[in-house]
Amino acid sequence: MGVVKSSRTIRITRLASKFIAVWFTAAGLVHLVENSGDFFCNYCNAQELDIFNAVYYMIVTMTTTQGWSWRDLYHRGAGMEMYLEEMSPSFYGKTYTESALICFKLRVMLLAVDMRQTDEHGHMRSIVDVVPCDECVIVRGCRAFVVGISSEDASRFACFAFLKKQRSIIDVVL
């Protein structure tokens, strides 16, 4: 009974805190509209907005935007950056697919691999393979285009050989 009572209390507390947050935000919105005026009407206060209408508008917009979970994923992905990192020796000999799975566990996305290849004339050239075939094997000197949220993610990818030596860290990652 104590768990049910405390969970009910938690729900009521959450509801009250949301209501207070919406109320204060609506009060701030009303204050902003009253003091700044409407920029469509030469900054005179042409619209009357009371706090109850502001609360209503906020609740309506909160319920419609919370239903779109893809927006959160999009905004999280829009903040990501691409990094070019030297591939760790731990990736040597692995296929692109195996490397991509390891990168996924390291919370970065392996987008492309920059490989150095020798052509038929003996000239060394750099080739960027975006999602290469499954038989593509990572060799020494490959660089990777990885997508992550911060430079810490890219450094985690670059330091994978060091992390692999630390047993406690690698068990969490893999």
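Using our numbering, the first residue of the sequence shown is number 5, and each one after it goes up by one. Backbone N, C-alpha and C define an ideal beta-carbon position, used for all residues, glycine too.
Runs of beta strand (DSSP E) wholly within the segment 80 to 123 (minimum 3 residues, chain order): 85 to 90, 113 to 122
R147 and M91 closer than 8 Å at C-beta: yes
Residue range of the unbroken alpha helix (DSSP H) whose run includes R144: R144 -> no alpha helix (DSSP H), and no H or E assigned at all.
Cα-Cα separation between A104 and L115, rounded to whole angstroms: 8 Å
Extent of the continuous beta strand (DSSP E) to which S130 belongs: 128 to 134
Cβ neighbour criterion (16 or more within 10 Å) applied to E89: buried
Host alpha helix (DSSP H) of S154 (start-end): For S154, there is no enclosing alpha helix (DSSP H), as DSSP marks it with neither H nor E.
Closest Cα partner of S154 within the set H127, V117, M86, S21: M86
Selected residue, minimal CA-CA separation from V117, among K22, K98, E102, V134: V134
Rounded Cβ spacing between G97 and V141 (contact assumed at less than 8 Å): Sure, about 6 Å apart at Cβ, within 8 Å.
Best match in P93, H127, G152 for proximity to G83 [C-alpha to C-alpha]: G152
CA nearest to the CA of R120, picked from C137, V132, T13, F164: V132
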